[in-house]
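Asks:
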Amino acid sequence: FHPTLKIKIYQEDLVFGPGLVILMEHILVTESMKDACGEMGMSYSKGWKIINRAEKELGFRFLNRCNGGKNGGSSTITPEGRVFMERYHAMVEDMRRITQNFFDVYFGEFQ
302 FHPTLKIKIY QEDLVFGPGL VILMEHILVT ESMKDACGEM GMSYSKGWKI INRAEKELGF
362 RFLNRCNGGK NGGSSTITPE GRVFMERYHA MVEDMRRITQ NFFDVYFGEF Q
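One point on numbering: in our numbering, the residue at position 2 of the sequence shown is 303, and numbering is uninterrupted.
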């Protein structure tokens, strides 16, 4: 018996949320959009769609792109992308703590 919290950032449409964070975390490890999407069971085109939408809406690049070729391409997270991810994680953690505190106030007797 516990609360769950999902933080999604919108402008008109969804710009940044848990799915994009997970994708970017996989890209940090694999340095490959293709491999990151594969690990998530996400189509490659969907991965690019959500990255491109976030970059367009927020006005900065999340990924450095090196197109494929004989040895394949690579993708790395930009410094701005890392800062945005870190701030998102920090906000989510703060919101989880606050949510748990309120949950305990309102539902503590049922636990």
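C-beta: ideal position from N, C-alpha, C; glycine also. Note that the coordinates shown come from a computational prediction; the quantities given were computed from them, not determined experimentally.
Across which residues does DSSP place residue 397 in a beta bridge pair?
Replies: Residue mapping note: residue 397 aligns to position 96 of the sequence shown, counting from 1. In the DSSP output, where bridge partners are listed per residue, residue 397 has none listed.
Asks: Need the endpoints of the alpha helix (DSSP H) that residue 376 sits in, please.
Replies: Position 75 of the sequence shown holds residue 376. Looking at the DSSP string, residue 376 is not in any alpha helix (DSSP H); the run it does join, the beta strand (DSSP E), is 375–378.
Asks: CB-CB under 8 Å to residue 344, same chain, minus the five flanking residues each way: which ones, in chain order?
Replies: Residue mapping note: residue 344 aligns to position 43 of the sequence shown, counting from 1. 338, listed in sequence order.
Asks: Rounded to the nearest angstrom, what separates residue 358 and residue 393 at their Cα positions?
Replies: The residue labelled residue 358 in the question sits at position 57 within the sequence shown. The residue labelled residue 393 in the question sits at position 92 within the sequence shown. Going by the C-alpha atoms only, they are around 21 Å apart.
Asks: Would you report the Cα separation of residue 362 and residue 406, rounded to the nearest angstrom?
Replies: Position 61 of the sequence shown holds residue 362. Position 105 of the sequence shown holds residue 406. Approximately 41 Å between the Cα atoms of the pair.
Asks: For residue 324, count neighbouring C-beta atoms within 10 Å of its own C-beta (all shown protein chains included) and say buried if the count is 16 or more, exposed if not.
Replies: For the purposes of this step, residue 324 is taken as the residue at position 23 of the sequence shown. So residue 324 ends up on the buried side.
Asks: Which parts of the region 312–358 are runs of the beta strand (DSSP E), unbroken and 3 residues or longer, counting only runs that do not cross its ends?
Replies: Taking only runs of at least 3 residues, the beta strand (DSSP E) segments lying wholly in the region 312–358 are 315–317.
Asks: Could you check whether residue 329 and residue 378 sit closer than 7 Å to each other, using their CB atoms as the reference points?
Replies: As a working mapping, residue 378 is identified with position 77 in the sequence shown. As a working mapping, residue 329 is identified with position 28 in the sequence shown. Yes, the Cβ-Cβ distance between residue 378 and residue 329 is below 7 Å.
Asks: Indicate, with yes or no, if the ligand GDP has a heavy atom lying under 6 Å from the CB of residue 366.
Replies: With respect to the ligand GDP, the structure shown offers nothing to examine, as it has no ligands at all.
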